[in-house]
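Engineer: Residue numbers for the sequence shown follow our numbering, so the first one is 923 and each next one is one higher. Glycine included, each C-beta is placed from N, C-alpha and C at the ideal position.
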Amino acid sequence: MTTTPALPSLVLRGSSATARFGDGFHYVQWEQDGRVTRIPLDAIEAVRSLDRSFEVVLTTAEAGRPPAVYAVHDASAAAVTAFCAALQARLPEREAEGPRVDGEDLITEVPAGHPRRPSKRVLTVAAIALFAVIDVAVAVLREPVWAIALPFVQLFSSAGVFMALTLGRGLYDALRLPKHGITVMAELDHYTDKTKVYRYVDQDGGLHFYRESTGGQQLELSYDPRNPSRASARQSLYGQVMMALMAVVGLGMACGGLGVTGYQLFIALRG
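1) State yes or no: is the C-beta of residue 983 within less than 8 angstroms of the C-beta of residue 1023?
2) State yes or no: is the C-beta of residue 1079 within less than 8 angstroms of the C-beta of residue 1175?
3) With a 10 Å radius around its C-beta and 16 neighbouring C-beta atoms as the bar for buried, classify residue 1206 as buried or exposed.
4) Could you name the residues of the same chain whose beta carbon sits closer than 8 angstroms to that of residue 1117, not counting the 5 residues immediately before and after it, in chain order?
5) Straight-line CA distance for residue 1099 to residue 1146?
6) Would you kindly report the start and end of the unbroken beta strand (DSSP E) that includes residue 951?
7) Specify, as a first and last residue, the run of the alpha helix (DSSP H) that residue 1118 falls within.
8) Taking C-alpha atoms, which residue in 1013, 1066 and 1170 lies nearest to residue 979?
9) Going by alpha carbons, who is nearest to residue 1006 out of 1046, 988, 963 and 1042?
10) Taking all protein chains shown into account, decide if residue 1102 is buried (16 or more other Cβ within 10 angstroms of its Cβ) or exposed.
11) On the three-state DSSP scale, how would you describe residue 1147?
12) Measure from the alpha carbon of residue 1158 to the alpha carbon of each residue in 1097, 1139, 1131 and 1053, then state which is nearest.
13) Check whether the Cβ of residue 1161 lies closer than 7 angstroms to any heavy atom of the ligand GTP, and answer yes or no.
14) What is the rounded straight-line gap between the Cα of residue 1000 and the Cα of residue 1115?
15) Which word fits residue 1045, buried or exposed, when buried means at least 16 other C-beta atoms lie within 10 angstroms of its C-beta?
16) Whole angstroms is fine: what's the gap from residue 938's alpha carbon to residue 1192's?
17) Which same chain residues end up closer than 7 angstroms to residue 936 when comparing Cβ atoms and leaving out the 5 residues on each side of it in sequence?
18) Measuring alpha carbon to alpha carbon, tell me which of 1190, 1031, 1083 and 933 ends up nearest residue 1062.
19) Taking the alpha-carbon positions, what's the residue 1183 to residue 1168 distance?
20) Using DSSP with H/G/I as helix, E/B as strand and the rest coil, what is residue 1011?
21) Under a three-way DSSP split, which group does residue 1044 fall into?
22) Nearest by alpha-carbon distance to residue 976: which of 941, 1151 and 1177 is it?
23) Roughly how many angstroms lie between the CA atoms of residue 1083 and residue 1121, to the nearest whole one?
24) Which class does residue 1065 belong to by DSSP, given the choice of helix, strand or coil?
25) Rounding to the nearest angstrom, what Cα-Cα distance links residue 1173 and residue 974 in this structure?
In structure tokens:
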């Protein structure tokens, strides 16, 4: 009797989409533009790997109808190859003359549980455009040297914003989720070159992953039942204090940089 070897949980991250597949999965979980969808294996006609791109071609009921294609671009070439090989090995065999269905009809969307927000890329581009307009205005109305000086100030401020938001959110989750969330023991799934990746299952059976540099074979996590992909590992009091201090430092950097930018714009417009 031949048994199929267990398949590790695979995650394929691209520039605008993420695909997940693993042992026990009868679908590919697709995350893109704030939506999470599940593509059953029965809905997949073929998979293709093209260097750093991966494509899932759905089935069609009509032979002449162009199939729908889901694609991940700018992913690791090695990850694309592994993901494609693993998925191909699990695709069901199809009879040439058998009945066909539209793969799009079999796809289901997983409720996100929280409102959709603008993507980080859109917010980043908007901030860069706003700063560029301010820099040009100050350089034209005052001194050309500000076209060089202000971007450095704004980079300093942006680093502070990143620190304040990242650490502030981490601290908020560390304080709130253990009291109001669901606590589980996550299992070590695999290693990357920088950190460990743990997996856990929510109440609805959805599989999620959490990155943490410390921890053993298991890691205590608390996740938000309304948004199970948002989780936090248990933090010591020392860790919480350090996160709070660094968030305050980041807030100071952000306020200082934005204050200098706003003041120079005010002086320039005042003439």
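Structural biologist: In terms of the structure at hand:
1) Stepping through the sequence shown from its first residue, residue 983 is reached at position 61. Stepping through the sequence shown from its first residue, residue 1023 is reached at position 101. Taking 8 angstroms as the cut-off, the Cβ atoms of residue 983 and residue 1023 count as close.
2) For this step, residue 1079 is matched to residue 157 along the sequence shown. For this step, residue 1175 is matched to residue 253 along the sequence shown. Cβ atoms of residue 1079 and residue 1175: closer than 8 angstroms.
3) No information on residue 1206 is available, as it lies outside the stretch 923 to 1193 that the chain covers here.
4) Position 195 of the sequence shown holds residue 1117. Counting only Cβ-Cβ distances below 8 angstroms, and skipping sequence neighbours, we find 1133, 1134 and 1135.
5) What you label residue 1099 is simply residue 177 of the sequence shown in a count that begins at 1. What you label residue 1146 is simply residue 224 of the sequence shown in a count that begins at 1. Taking the straight line from one Cα to the other gives about 6 angstroms.
6) Looking up residue 951 in the sequence shown gives position 29. 949 to 954 is the span of the beta strand (DSSP E), which, as asked, contains residue 951.
7) Along the sequence shown, read from residue 1 onward, the residue named residue 1118 stands at position 196. Where residue 1118 is concerned, there is no enclosing alpha helix (DSSP H), although the beta strand (DSSP E) it sits in stretches over 1118 to 1123.
8) Counting from 1 along the sequence shown, the entry for residue 979 is found at position 57. When each option's Cα is compared against that of residue 979, the closest is 1013.
9) As a working mapping, residue 1006 is identified with position 84 in the sequence shown. Selected option, being the one with the closest Cα: 963.
10) Reading the sequence shown from its first residue, position 180 is the one you call residue 1102. Under this definition residue 1102 is an exposed residue.
11) Translated into positions along the sequence shown, residue 1147 becomes position 225. Looking at residue 1147 - three-state DSSP - the assignment turns out to be coil, as it is neither helix nor strand.
12) Numbered from its first residue, the sequence shown carries residue 1158 at position 236. Answer by Cα proximity: 1097.
13) In the structure shown, the ligand GTP is absent, as is every other ligand, since no ligand is present at all.
14) The residue you call residue 1000 lines up with position 78 of the sequence shown. The residue you call residue 1115 lines up with position 193 of the sequence shown. The alpha-carbon atoms of residue 1000 and residue 1115 are separated by roughly 14 angstroms.
15) Here the question's residue 1045 lines up with position 123 in the sequence shown. When all chains shown are included, residue 1045 counts as exposed.
16) Here residue 938 refers to the residue found at position 16 of the sequence shown. Here residue 1192 refers to the residue found at position 270 of the sequence shown. Using only the alpha carbons, I get a separation of about 43 angstroms.
17) To locate residue 936, count along the sequence shown from 1; it is residue 14. Closer than 7 angstroms at the Cβ level, and outside the excluded window around residue 936, lie 994, 995, 996 and 997.
18) Counting from one through the sequence shown, the residue named residue 1062 turns up at place 140. Of the listed residues, the one whose Cα sits closest to residue 1062 is 1190.
19) The sequence position of residue 1183 within the sequence shown is 261, counting from 1. The sequence position of residue 1168 within the sequence shown is 246, counting from 1. Counting only the Cα atoms, residue 1168 lies some 23 angstroms from residue 1183.
20) The count along the sequence shown starts at 1 and reaches residue 1011 at position 89. Assigned with DSSP and collapsed to three states, residue 1011 falls in helix.
21) Stepping through the sequence shown from its first residue, residue 1044 is reached at position 122. Here residue 1044 sits in helix by DSSP.
22) Residue 976 sits at position 54 when you count from the first residue of the sequence shown. Each of 941, 1151 and 1177 was checked against the Cα of residue 976, and the nearest Cα belongs to 941.
23) Start at 1 with the first residue of the sequence shown, and residue 1083 comes out as number 161. Start at 1 with the first residue of the sequence shown, and residue 1121 comes out as number 199. Taking the straight line from one Cα to the other gives about 30 angstroms.
24) Position 143 of the sequence shown, counted from the first residue, corresponds to residue 1065. Under the three-state reduction of DSSP output, residue 1065 falls in the coil class, being neither helix nor strand.
25) Start at 1 with the first residue of the sequence shown, and residue 1173 comes out as number 251. Start at 1 with the first residue of the sequence shown, and residue 974 comes out as number 52. The straight-line gap from Cα to Cα measures roughly 38 angstroms.
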